[in-house]
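Numbering (full-length UniProt numbering), first residue to last: 1 to 127.
In structure tokens:
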């Protein structure tokens, strides 16, 4: 086989080196969100703190996934900032702080901007 076909027939799966860490962090965030959910019904202490820690872990996962990529397209920046603003909106909304809707609409606008930028990416064709 020639070298050109060897590149095409590369069947190695791409594994992210942070995939195990991200899975563990998702588990920790689930534990904190579960405590927050049940503690709110039972009126246990530290409900706001458990929500904040769970959202901070999700923010860490978002940062790890964003930084671990070698090259990022323009729409990925919009998605990243949309996720960060959405995490802030969730915390502001559940803490009954004012201006939660502004955060939610801003994150929606950033996600929409990401979709628009995704459609304007140059199309790569292989002939």
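The beta-carbon is built from N, C-alpha and C at its ideal position, and this holds for glycine as well.
Segment limits, alpha helix (DSSP H) that includes residue i
i, result
"residue 68", "Unbroken run through residue 68: none, as it is neither H nor E."
Three-state secondary structure assigned by DSSP to residue i
i, result
"residue 20", "helix"
"residue 101", "helix"
"residue 36", "helix"
"residue 88", "helix"
"residue 96", "coil"
"residue 46", "coil"
"residue 120", "coil"
"residue 78", "helix"
Sequence-distant residues of the same chain with beta carbon closer than 8 angstroms to residue i, five excluded per side
i, result
"residue 87", "55, 58, 59 and 62"
"residue 39", "45, 46, 47 and 50"
Nonlocal neighbours in the same chain, by C-beta distance under 6 angstroms from residue i, ignoring five residues either side
i, result
"residue 79", "114"
"residue 21", "none"
"residue 75", "114, 117 and 118"
Cβ neighbours of residue i in the same chain (closer than 7 angstroms, five flanking residues each side left out)
i, result
"residue 16", "68"
"residue 26", "61"
Alpha-carbon to alpha-carbon, residue j and residue i
i, j, result
"residue 108", "residue 82", "7 angstroms"
"residue 53", "residue 29", "8 angstroms"
"residue 33", "residue 94", "12 angstroms"
"residue 118", "residue 98", "32 angstroms"
"residue 77", "residue 65", "12 angstroms"
"residue 41", "residue 35", "10 angstroms"
Checklist entry - Do the segment 90-109 and the segment 65-74 make contact, defined as three or more Cβ pairs closer than 8 angstroms? => result no
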